[in-house]
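When you line the sequence shown up against my numbering, it's residues 228 to 425, in that order. Glycine included, C-beta positions come from ideal geometry on N, C-alpha and C. Since we're looking at a predicted model, the values are computed, not measured. Only one structure is covered here, and it is reproduced in the block below.
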Amino acid sequence: MFLHRKPSEEVVKQFISSQQDLPFSYAQAGATKSQPRDVHGGYTVDHNRIKLGEGVETYRRAVAALRSWHQFDLGWVTVVPPGKPLELGTTVAVRARVFGCWSLNAARIVYVLDERDADKARFGFAYGTLPDHVERGEERFTVEWCADDSVWYDIYAFSRPKHPLARLGFPITRMLQKRFVRDSLAAMKAASTKLAAD
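Set out below in structure tokens:
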């Protein structure tokens with residue numbers, strides 16, 4: 228959904244209500260669990276990571292940031308409404324402001340990960356696009372505490388343009404996707420650093 232002004236809480240509420248019971252707009256729901264190198268159907272696959280630090284405390288801080296959707300707290304992009312729980316089936320809207328216009332894009336959580344053993348752990352989730360989203364595909368966000376004590380934030384996604392404007396402006400769409408990744412990695416790094424200093 229494209230708008231000329233920032234959507235009100237009521238507009239967001241109506242938008243999510245109109246999407247929450249609809250099926251995903253792609254057939255491969257859950258495919259990011261296995262991290263396929265090739266997703267059929269003309270999808271672009273992206274995988275990006277950043278080291279956040281080391282140790283269990285860094286991991287706990289990063290998980291807290293992920294749980295609060297901090298990776299979307301970018302100024303030009305955010306998840307609305309704020310505070311939605313990371314649970315299977317939660318539907319949200321990604322609100323973005325680009326080139327003076329606003330957009331709302333509907334997504335639903337496909338799965339949540341919370342894996343732990345003696346010397347490593349991984350927490351995260353993936354969301355998939357719903358019919359009123361400019362893209363078609365799935366994106367996974369994870370925080371990993373590895374056996375070597377390093378902590379990483381990882382984004383893995385496959386997508387292709389769905390809306391006619393996204394298809395026509397594919398180079399701009401890709402530029403915005405790369406900007407989101409860059410800003411999201413930086414936001415999680417900053418959150419981990421800030422929380423570590425508190």
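Close beta carbons around residue i, own chain, < 6 angstroms, minus the five adjacent residues each side
i: ARG367; result: THR259, ALA353, TYR383
i: VAL307; result: VAL239, ALA320, ARG322
i: ASP273; result: ALA384
i: ARG324; result: TRP303
Separation of residue j from residue i, as counted between CA atoms
i: TRP296; j: GLY310; result: 8 angstroms
i: LEU357; j: SER252; result: 5 angstroms
i: SER244; j: PHE229; result: 17 angstroms
i: THR318; j: GLN246; result: 8 angstroms
Same chain only: Cβ atoms within 7 angstroms of residue i, ignoring 5 sequence neighbours per side
i: LEU315; result: ILE336, TYR338, VAL339
i: THR305; result: PHE299, ARG322
i: PRO250; result: none
i: HIS360; result: SER252, ASN332, ALA333, ALA334, LYS389
i: GLY355; result: PHE251, TYR253, ALA256, ALA334, ARG335, VAL337, GLU365
DSSP three-state assignment for residue i, whether helix, strand or coil
i: VAL307; result: strand
i: THR318; result: strand
i: SER261; result: coil
i: ALA334; result: strand
i: HIS232; result: Residue identity check: residue 232 is Arg in the sequence provided, not His. Reduced to three states, the DSSP call for ARG232 is coil.
i: PHE251; result: coil
i: LYS278; result: strand
i: LYS270; result: One detail in the question is off: residue 270 reads as Tyr in this sequence, not Lys. Coil.
i: VAL408; result: helix
i: VAL361; result: coil
i: LEU340; result: strand
Whole-Å CB distance - residue i paired with residue j, under 8 angstroms assumed
i: ALA374; j: ASP346; result: 5 angstroms
i: ILE277; j: LYS405; result: Incorrect: roughly 14 angstroms between the Cβ atoms, too far for contact.
i: SER386; j: TYR270; result: 6 angstroms
Interface flag, residue i vs chain C, CB-CB below 9 angstroms
i: TRP296; result: Of the chains in the structure shown, none is chain C; there is only one protein chain.
Nearest neighbour of residue i, chosen from the options [CA to CA]
i: ALA289; options: ARG349, LEU331, GLU237; result: ARG349
i: LEU395; options: HIS231, GLU362, GLY351, ALA256; result: GLU362
i: TRP372; options: ARG343, ASP410, PRO234; result: ARG343
i: LYS233; options: PHE326, SER330, LEU301; result: SER330
Beta-carbon contacts of residue i that lie in its chain and below 8 angstroms, excluding the five residues immediately before and after
i: VAL408; result: ASP273, ASN275, ILE382
i: CYS328; result: PHE229, LEU230, HIS231
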